[in-house]
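The sequence shown begins at 18 in our numbering and counts up by one. Data block below; observations after.
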Amino acid sequence: MISFWHVHAKDYAEEAQVHPDIEIAAIWDENEERGRKEAQMREVEYISDLEDLLNRQEIEAVVVSSPTNRHKEVMVQAAQAGKHIFTEKVLASTEEQAIVILNAVKESGVKLFVSLPRVYDGYTEAVQRLIESGELGELTQTRVRLAHNGATANWLPNHFYNKEECQGGTLIDLGCHPVYLTRLFHGMPERVTAQFGYLTKKEVEDQAIVTFGYEDGSYGVAETGFVTPHSPFTIEIHGTKGSAIYGIPDKKLIKKVSEKWEEVMIPTDKPSPFSQWIDHIQTDKGTDKNLALALDLTVLMEAAYQAEKTKSEIVINPR
Numbered sequence: 018m019i020s021f022w023h024v025h026a027k028d029y030a031e032e033a034q035v036h037p038d039i040e041i042a043a044i045w046d047e048n049e050e051r052g053r054k055e056a057q058m059r060e061v062e063y064i065s066d067l068e069d070l071l072n073r074q075e076i077e078a079v080v081v082s083s084p085t086n087r088h089k090e091v092m093v094q095a096a097q098a099g100k101h102i103f104t105e106k107v108l109a110s111t112e113e114q115a116i117v118i119l120n121a122v123k124e125s126g127v128k129l130f131v132s133l134p135r136v137y138d139g140y141t142e143a144v145q146r147l148i149e150s151g152e153l154g155e156l157t158q159t160r161v162r163l164a165h166n167g168a169t170a171n172w173l174p175n176h177f178y179n180k181e182e183c184q185g186g187t188l189i190d191l192g193c194h195p196v197y198l199t200r201l202f203h204g205m206p207e208r209v210t211a212q213f214g215y216l217t218k219k220e221v222e223d224q225a226i227v228t229f230g231y232e233d234g235s236y237g238v239a240e241t242g243f244v245t246p247h248s249p250f251t252i253e254i255h256g257t258k259g260s261a262i263y264g265i266p267d268k269k270l271i272k273k274v275s276e277k278w279e280e281v282m283i284p285t286d287k288p289s290p291f292s293q294w295i296d297h298i299q300t301d302k303g304t305d306k307n308l309a310l311a312l313d314l315t316v317l318m319e320a321a322y323q324a325e326k327t328k329s330e331i332v333i334n335p336r
């Protein structure tokens, strides 16, 4: 385990502890006090030097939950040491850094998997099927919103508001989910704009809206925030023939393509990203789809922050 900086690090540690083929061998953390505490709780070794941990032959893979601004440094080292890598999103805060990581992974031949959990939830598959069926017609608008009250209720750790470590605020953390789902449903946009809010007066934004413009005239909206306790996770898909809505307010997907709203069956969730990563290691499967989406997420995040900073529209260059 490389760092317990991120709030999801403990979730990944729990997944590792219950997985029949995984054993936590050691922990390193840039915050030694935190790292030693986590190691003691799990009765595993704390290693104070990251290079020492990565040089251990018995360690085959690492989970990276370090500050976002250290992702490139840590993951390039891990890849060069021949360790498979599971990482918290985002892969990196800039496209340039993400490509450096991906090149190091490709050169070493290790398996890298980025935690994009809502991709594998059943409602996502159901929405994708509905779009691909053509039942809604041509897409005109998509909207995805995910928010909680981590800032106003003070349950997020203080370092989540450290701009240098996080490389942003709610958008680069919680906002990843609406952004990658928008990318999944609607494709890569042509243009990006963004607007941030600072309700709690912290160094980083606690609310954000990002809009994505497409060549065909349609648009997507991604919304997020750390300041709302009861905002439901919602997906809206609108087309020239109908609409589909998830999560307003129940965890149901409904569509309207005629006079009445109809419920759409939601399939079972796929295995968690962590479980899929282990399976990819054991079966030598490729992780290209996950990494392509993770790279697109970084591109869109970088564009959104640049758009808000410059108060302008950012054009996405096709790759």
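Heads up, the beta-carbon is just placed ideally off N, CA and C, and yes, glycines get one too.
Is the stretch 95 to 107 close to the stretch 66 to 83, with three or more CB pairs under 8 Å? Because the criterion of three Cβ pairs below 8 Å is met, the stretch 95 to 107 and the stretch 66 to 83 touch.
Does DSSP put residue 164 in a helix, a strand or coil? Strand at residue 164.
Residue 35 - containing alpha helix (DSSP H), residue span: Counting along the chain, residue 35 sits inside the alpha helix (DSSP H) bounded by residues 26 to 35.
Tell me residue 95's beta-bridge partners as DSSP assigns them. As DSSP reads the structure, residue 95 sits in no beta bridge.
At the 8 Å Cβ level, is residue 75 part of the contact set with chain C, yes or no? As a matter of chain content, chain C is missing from the structure shown, which is built from one protein chain.
Integer Cβ distance of residue 108 from residue 131, believed to fall under 8 Å: Going by Cβ atoms, the distance from residue 108 to residue 131 rounds to 5 Å, so yes, they are a contact pair.
Check the DSSP bridge columns for residue 103 and list the partner residues they point to. Note: residue 103 is bridge-paired with 80, 130 in the DSSP secondary-structure output.
Look at residue 263 and residue 219 and say whether their C-beta atoms are less than 8 Å apart. Contact flag unset, no.
Secondary structure of residue 204, DSSP reduced to three states: For residue 204, the three-state secondary structure derived from DSSP is coil.
Would the stretch 181 to 189 count as touching the stretch 210 to 224 if we require 3 or more Cβ pairs under 8 Å? Judged by Cβ distances under 8 Å, the stretch 181 to 189 makes contact with the stretch 210 to 224, as three or more pairs qualify.
Thinking C-beta only, is residue 255 closer than 8 Å to residue 315? No, the Cβ-Cβ distance between residue 315 and residue 255 is not below 8 Å.
Whole angstroms are fine: how far does the CA of residue 202 sit from the CA of residue 294? Rounded to whole angstroms, residue 294 to residue 202 spans 23 Å at the Cα level.
With a threshold of 6 Å on Cβ separation, who are the neighbours of residue 85 within its own chain once the five nearest residues in sequence on each side are excluded? So the qualifying residues of the chain are 110, 183, 184.
Let me know if residue 162 comes out buried or exposed under the rule of 16 or more other beta-carbons within 10 Å of its beta-carbon. Of the other Cβ atoms in all chains shown, 16 or more fall within 10 Å of the Cβ of residue 162; this residue is therefore buried.
Is the Cβ-Cβ distance between residue 64 and residue 95 less than 8 Å? Annotated as distal: residue 64 and residue 95, with beta-carbon spacing of 8 Å or more.
How about the stretch 139 to 156 and the stretch 118 to 130: do they share at least three Cβ pairs that are nearer than 8 Å? Contact between the stretch 139 to 156 and the stretch 118 to 130 is absent, because fewer than three Cβ pairs lie under 8 Å.
How about residue 29 and residue 291: do their beta carbons lie closer than 8 Å? The answer is yes: Cβ separation under 8 Å.
Below 8 Å, how does it come out for the stretch 269 to 282 and the stretch 191 to 205: are there three or more Cβ pairs, yes or no? No: the two stretches stay apart, fewer than three of their Cβ pairs being nearer than 8 Å.
Skipping 5 residues on each side, what residues in its chain have a beta carbon closer than 6 Å to that of residue 281? Exclusion of the five residues before and after residue 281 leaves 143, 270, 272 as the residues of its chain whose Cβ lies within less than 6 Å of its Cβ.
Measuring straight from C-alpha to C-alpha, what distance separates residue 333 and residue 302? Taking the straight line joining both Cα atoms gives about 30 Å.
Compare the beta carbon distance of residue 257 and residue 155 with 8 Å and say whether it is the shorter of the two. In contact: residue 257 and residue 155 (Cβ atoms closer than 8 Å).
Between which two residues does the alpha helix (DSSP H) harbouring residue 308 extend? Bounds of the alpha helix (DSSP H) holding residue 308 are 305 to 327.
Taking residue 212 as the reference, give the member of 325, 21, 159, 55 with the closest Cα. Of 325, 21, 159, 55, the residue nearest in Cα terms is 325.
Proximal residues to residue 279 (C-beta, below 8 Å), its chain only, five neighbours per side dropped: Hits under 8 Å: 271, 272, 273.
Would you mind reading off the limits of the beta strand (DSSP E) that contains residue 275? Segment: none, residue 275 is in no beta strand (DSSP E) and carries neither H nor E.
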